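Single-structure report; data block below.
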Amino acid sequence: MKIRQKILILFTALTVSIIVLMSAFAYYLISRHSFEDFYKRLEIRAYIAARATLTNDKENSATYAELRRAHLERLPFEQEYIIHIDSTGNIPRKAMPKELPATFYSRVKLNGKATYRNKNTFYEGVLYDSELGSHIVIISAQNAYGAEYMAELKRILLICLAIAAVVVVTAGLFFSRYILRPVRHITYQVKNISAHNLHLRLGARDSKDEISELSQTFNNMLDRLETAFETQNNFVSNASHELGTPLTAIIGEAELALNKQRPEEEYRQSLEVILREAERLEHITKSLLSLAQTGFDGKRAQLKKLRTDELIFIVKDTIDRINPENQVEIDYTMLPEDEDKLVVLGNEQLLQLALSNIVQNACKYSNNQPASIALAATDKNNLIIIKDSGIGIPSQDLPFIYDPFFRASNTEGYKGYGIGLPLARNIIRLHGGNIVVNSQQNKGTEIRISLPTYIAAKPE
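Just so it is clear: in the sequence shown, position 102 is 102 by our numbering, and no numbers are missing.
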C-alpha cells in the first residue's frame with residue numbers, strides 16, 4: 001500500500017471517528033435534556049392534580065381542575081394515580097401500579113419525589129401532604145414527542161455524518177496529493193541520477209521542513225558519492241601509473257641486460273637499477289596494503305589503553321634512528337597536570353605509523369629545519385600538534401591532500417609517493433579522531449590530531 005493511500009485512510013478514519021464521537025456525545029446530552037424536561041412536565045402535572053383533588057376547598061379545587069383542562073394538553077397514554085399513605089406509613093399493595101418497584105415509593109417518601117422509566121413510559125411521583133392526609137401522586141405518560149424529536153435528530157446526524165465522510169475523503173485525496181507532491185518530485189529526480197551523472201542534484205526548497213532536509217541530506221550523500229567515485233577513479237589511475245613505472249624500469253633493464261653478452265660491471269649496474277626499482281615497488285605495495293587495511297571499520301584493529309606522551313616519545317626515537325639530522329623537539333608546555341587525561345584507546349603500531357609519517361614529512365619538507373610536537377589533553381580529547389617551518393602547501397592544493405598519490409605542486413624536488421597523509425587520516429579516523437591541516441606556502445605547516453580521551457568507569 002502506498003503512503004498516499006495510508007494517509008488517506010488514516011486521515012479519513014481519524015476525522016470520521018472524531019465526528020462520530022462528537023455526534024454521539026451531542027445526541028446523548030440532548031437525549032438527557034429531553035428526558036429531564038419531560039420529567040419536569042410530569043412533576044408539574046402531579047402537583048396540579050394533587051391540588052385539584054386533595055383539598056377541601058371546592059372553589060380552589062375547581063380552579064385547578066379548570067386550569068388543568070384549559071392549559072395542559074393531555075399527554076399520550078397519560079395515567080394518574082393518587083395513593084393514600086396510612087398512619088403507619090404503609091401503602092396498600094392493591095393501590096400500587098404493578099410496573100413500579102417498591103424502591104420507587106421508598107425514594108418518594110425519603111426525597112419527596114422520584115422518577116422511573118419503563119421502556120418508553122415515564123413515571124413521576126411526588127409526596128403531597130394536605131388536610132386529607134399524606135398521599136403519593138403519580139403521573140405516567142409516554143414521551144412520544146420526545147421520541148419523534150430524537151429520531152429526527154438521529155436522522156439529521158446520520159445525514160451530516162455521510163456528507164462529512166464524503167467531504168473528508170475528498171479533502172483527504174487533495175491533502176495526500178499535496179503533502180506527497182515534493183516526495184514524488186524527489187522520486188522523479190532521483191530516477192534520473194546514475195553513476196554516469198552524479199553531478200546532478202535535487203532541487204532543494206528554501207523551506208525548513210522535513211522534505212527540504214531530506215533533499216539536502218540526499219544532496220550531501222551525492223557529494224560524498226561523487227567524491228568517492230572520483231577518488232576511486234583517480235586512485236586506480238595513479239596506482240596503475242605508480243606501479244607501472246618501476247615495473248617498466250625493471251623489465252626494460254632486464255631486457256637490456258639480456259640482449260647481449262656484457263661485462264660484469266654493466267650487469268652489476270643493471271642489477272642495482274632492478275634492485276632500486278624493486279624496493280620502490282615494494283614500498284608502494286606495502287603502503288597501498290596499509291592504506292587498504294585502514295579503510296575497514298575498525299573490527300580488525302585491536303585497541304588497548306595507550307598514553308599519548310609515551311607514544312610521542314616512541315615516535316621521536318623512531319625519527320632519530322631514521323633521520324639522525326632531524327631537529328624535532330617535544331613541546332611540554334601544554335601537558336595537563338592530570339596524567340589520566342593522557343590515556344586513549346588505540347592500536348599502538350597503527351598510531352606510531354600515522355604519527356611517524358607526519359613527523360617524517362615535517363622533517364623532509366623543511367629540509368631538517370626545527371619542528372615541534374606538542375601535546376595537550378582535556379576531559380574529552382587528546383590534541384597532538386605537529387609544526388614545521390618548511391615549504392608549506394599551496395592553497396590550491398589543500399583540497400586534494402588526502403587523495404592517494406596526490407603530491408603538492410611544490411614537491412617536485414622531494415622523494416615521496418603521496419600516500420603518507422591519506423594513510424595517517426585513515427588511521428586517525430579508525431580511532432574515532434580527527435585531523436586538521438593548516439598550511440601556507442613557504443611559511444610551514446601545522447597538523448592538529450585529536451583523539452578521544454579514554455574515560456575510565458568510576459567506582460560506585
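Virtual Cβ for every residue (Gly too), placed ideally from N, Cα, C.
On a predicted model such as this, the values are computed, not experimentally measured, just so you know.
Close Cβ partners of residue i (< 6 Å) along its chain, the five nearest in sequence each way excluded
{"i": "residue 406", "result": "400, 418"}
{"i": "residue 249", "result": "277"}
{"i": "residue 79", "result": "140"}
{"i": "residue 246", "result": "277, 280, 281"}
{"i": "residue 132", "result": "54"}
{"i": "residue 50", "result": "128, 137"}
{"i": "residue 325", "result": "368"}
{"i": "residue 184", "result": "none"}
{"i": "residue 438", "result": "446"}
{"i": "residue 433", "result": "450, 451"}
{"i": "residue 370", "result": "327"}
Reduced DSSP category for residue i - H, G, I as helix; E, B as strand; rest coil
{"i": "residue 356", "result": "helix"}
{"i": "residue 119", "result": "coil"}
{"i": "residue 74", "result": "coil"}
{"i": "residue 377", "result": "strand"}
{"i": "residue 316", "result": "helix"}
{"i": "residue 195", "result": "coil"}
{"i": "residue 256", "result": "helix"}
{"i": "residue 141", "result": "strand"}
{"i": "residue 37", "result": "helix"}
{"i": "residue 397", "result": "helix"}
{"i": "residue 202", "result": "coil"}
{"i": "residue 135", "result": "strand"}
{"i": "residue 389", "result": "coil"}
{"i": "residue 372", "result": "strand"}
{"i": "residue 331", "result": "strand"}
{"i": "residue 445", "result": "strand"}
{"i": "residue 250", "result": "helix"}
{"i": "residue 434", "result": "strand"}
{"i": "residue 220", "result": "helix"}
{"i": "residue 23", "result": "helix"}
{"i": "residue 157", "result": "helix"}
{"i": "residue 304", "result": "strand"}
{"i": "residue 29", "result": "helix"}
{"i": "residue 339", "result": "helix"}
{"i": "residue 17", "result": "helix"}
{"i": "residue 176", "result": "helix"}
Inter-residue CB distance, residue i and residue j (contact presumed, cutoff 8 Å)
{"i": "residue 361", "j": "residue 420", "result": "6 Å"}
{"i": "residue 154", "j": "residue 27", "result": "7 Å"}
{"i": "residue 173", "j": "residue 14", "result": "Going by Cβ atoms, the distance from residue 173 to residue 14 rounds to 15 Å, so no, they are not a contact pair."}
{"i": "residue 389", "j": "residue 366", "result": "6 Å"}
{"i": "residue 448", "j": "residue 385", "result": "5 Å"}
{"i": "residue 319", "j": "residue 359", "result": "5 Å"}
{"i": "residue 12", "j": "residue 166", "result": "Not confirmed; about 10 Å, so no contact."}
{"i": "residue 99", "j": "residue 118", "result": "5 Å"}
{"i": "residue 43", "j": "residue 113", "result": "7 Å"}
{"i": "residue 202", "j": "residue 219", "result": "6 Å"}
Those residues which DSSP pairs with residue i across a bridge
{"i": "residue 453", "result": "344"}
{"i": "residue 114", "result": "125"}
{"i": "residue 364", "result": "Per DSSP, none; premise fails for residue 364."}
{"i": "residue 80", "result": "139"}
{"i": "residue 439", "result": "445"}
{"i": "residue 48", "result": "Beta-bridge pairing links residue 48 to no other residue."}
{"i": "residue 383", "result": "376, 450"}
{"i": "residue 130", "result": "133"}
Beta carbon of residue i nearer than 8 Å to that of residue j
{"i": "residue 142", "j": "residue 35", "result": "no"}
{"i": "residue 336", "j": "residue 374", "result": "no"}
{"i": "residue 123", "j": "residue 138", "result": "yes"}
{"i": "residue 354", "j": "residue 423", "result": "yes"}
{"i": "residue 193", "j": "residue 215", "result": "no"}
{"i": "residue 394", "j": "residue 410", "result": "yes"}
{"i": "residue 372", "j": "residue 310", "result": "no"}
{"i": "residue 308", "j": "residue 382", "result": "yes"}
{"i": "residue 364", "j": "residue 446", "result": "no"}
{"i": "residue 442", "j": "residue 391", "result": "yes"}
{"i": "residue 19", "j": "residue 164", "result": "yes"}
{"i": "residue 347", "j": "residue 275", "result": "no"}
{"i": "residue 23", "j": "residue 150", "result": "no"}
{"i": "residue 435", "j": "residue 351", "result": "no"}
{"i": "residue 105", "j": "residue 82", "result": "no"}
{"i": "residue 403", "j": "residue 341", "result": "no"}
Sequence-distant residues of its chain with Cβ nearer than 7 Å to residue i (five each side left out)
{"i": "residue 454", "result": "305, 343, 344, 345"}
{"i": "residue 146", "result": "34, 38"}
{"i": "residue 3", "result": "180"}
{"i": "residue 198", "result": "222, 225, 226, 229"}
Contacts around residue i, its chain only, beta-carbon distance under 8 Å, and the 5 residues preceding and following it disregarded
{"i": "residue 254", "result": "270, 274"}
{"i": "residue 16", "result": "161, 164, 165, 168"}
The ligand ADP heavy atom lying under 7 Å from the CB of residue i
{"i": "residue 90", "result": "By its list of ligands, the structure shown contains no ligand whatsoever, and the ligand ADP lies outside what it can speak to."}
CB contact check: residue i to chain D, cutoff 8 Å
{"i": "residue 192", "result": "Any reference to chain D falls outside this structure, which holds one protein chain only."}
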